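Residue numbers (the working numbering): 68 to 268.
One structure is given here, and the rest of the page talks about it.
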């Protein structure tokens, strides 16, 4: 069920597309939802509904319940489709190569790509957690195009300097970095404090 926007909160759009890595979108919604002063707007693609069930064991309604406001992917008339609707930015987590290509070429053919286009034209933060490997030349060129437009390409690559002990810790560290990019304070993961007890050369 769609809830009414809460006045005074920073709005952040979260989109989940059909690429593998649905856990990133889910965890981001959970962490943002627990952050005071943040209002989340969610769009889930049809393909993502399948991936969420396959990878995370969640139904669409379970994920919808994590957001403050839910929009349907085909609702081009939704509030987030207009630049006059103020947001602090948008994260596509994960971002499929199809979605990346549509954004790179300005194809606003659904609400995810239209909302992303709006964020770019309004010079707001757009973070694309692209998921594919290995990259072919089309993927790389599309990532270059989006970067030149002002978007941030953020493949969810795990770091190991903090010695994660679980998948949850690796996911949280990546989500923490995304929240940093959005200017949302968090303490999800330890921050780098320099080398400790480095071995002598």
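Using N, Cα and C, we set each Cβ at its ideal position, and we do this for glycine too.
These figures come from a predicted structure and were not determined experimentally.
| Taking only beta-carbon atoms, is residue 175 less than 8 angstroms away from chain B? | Annotation note: the requested chain B is absent from the structure, which comprises a single protein chain.
| Taking the C-alpha atoms as reference points, what is the distance between residue 157 and residue 183? | Taking the chain shown and counting its residues from 1, one reaches residue 157 at position 90. Taking the chain shown and counting its residues from 1, one reaches residue 183 at position 116. One C-alpha to the other measures close to 7 angstroms.
| Run through DSSP, which three-state label would residue 159 get? | Indexing the chain shown from 1 puts residue 159 at position 92. In this structure, residue 159 counts as strand in the three-state DSSP scheme.
| task | Say whether the stretch 104-117 touches the stretch 126-133, bearing in mind that this needs 3 or more beta-carbon pairs closer than 8 angstroms, one atom from each stretch. | result | Flag = yes, the stretch 104-117 and the stretch 126-133 touch.
| said: Residues in the same chain with beta-carbon distance under 7 angstroms from residue 98, minus the five sequence neighbours each way, listed in chain order, please. | reply: Within the chain shown, residue 98 is the residue found at index 31, counting from 1. In its chain, beyond the 5 residues on either side, 242, 246, 253 and 255 have a beta carbon closer than 7 angstroms to the beta carbon of residue 98.
| Check whether residue 195 and residue 159 have beta carbons under 8 angstroms apart | Counting from 1 along the chain shown, the entry for residue 195 is found at position 128. Counting from 1 along the chain shown, the entry for residue 159 is found at position 92. In contact: residue 195 and residue 159 (Cβ atoms closer than 8 angstroms).
| message | Can you tell me whether residue 192 is buried or exposed? The criterion is at least 16 other CB atoms within 10 Å of its CB, across all chains shown. | response | If you number the chain shown from 1, residue 192 lands on position 125. Counting other Cβ atoms within 10 Å of its Cβ, residue 192 reaches 16 or more and is therefore classed as buried.
| query | residue 177: buried (16+ other C-beta within 10 angstroms of its C-beta) or exposed? | reply | As a first step, residue 177 must be located in the chain shown, where it is residue number 110. Only buried fits residue 177, as 16 or more other CB atoms lie within 10 angstroms of its CB.
| field | Assigned exposure category for residue 205 - 16 Cβ within 10 Å defines buried | value | For this step, residue 205 is matched to residue 138 along the chain shown. Under this definition residue 205 is an exposed residue.
| said: Using C-beta distances below 6 angstroms, list every residue in its chain close to residue 185, excluding the 5 sequence neighbours before and after it, in chain order. | reply: Here residue 185 refers to the residue found at position 118 of the chain shown. Taking residue 185 as the centre and dropping the five residues before and after it, the same chain places the C-beta of 150 closer than 6 angstroms to its C-beta, in chain order.
| request: Would you kindly check if the distance between the Cβ of residue 187 and the Cβ of residue 164 is under 8 angstroms? | output: Translated into the one-based positions of the chain shown, residue 164 becomes position 97. Translated into the one-based positions of the chain shown, residue 187 becomes position 120. Not closer than 8 angstroms, so no.
| request: Let me know the secondary structure DSSP gives residue 106 once reduced to three states. | output: For the purposes of this step, residue 106 is taken as residue 39 along the chain shown, with counting starting at 1. Residue state for residue 106 is assigned as strand, using DSSP reduced to three classes.
| request: In angstroms with no decimal places, state the Cα-to-Cα distance between residue 261 and residue 90. | output: Mapped onto the chain shown, residue 261 falls at position 194. Mapped onto the chain shown, residue 90 falls at position 23. Straight-line measurement puts the Cα of residue 90 at about 29 angstroms from the Cα of residue 261.
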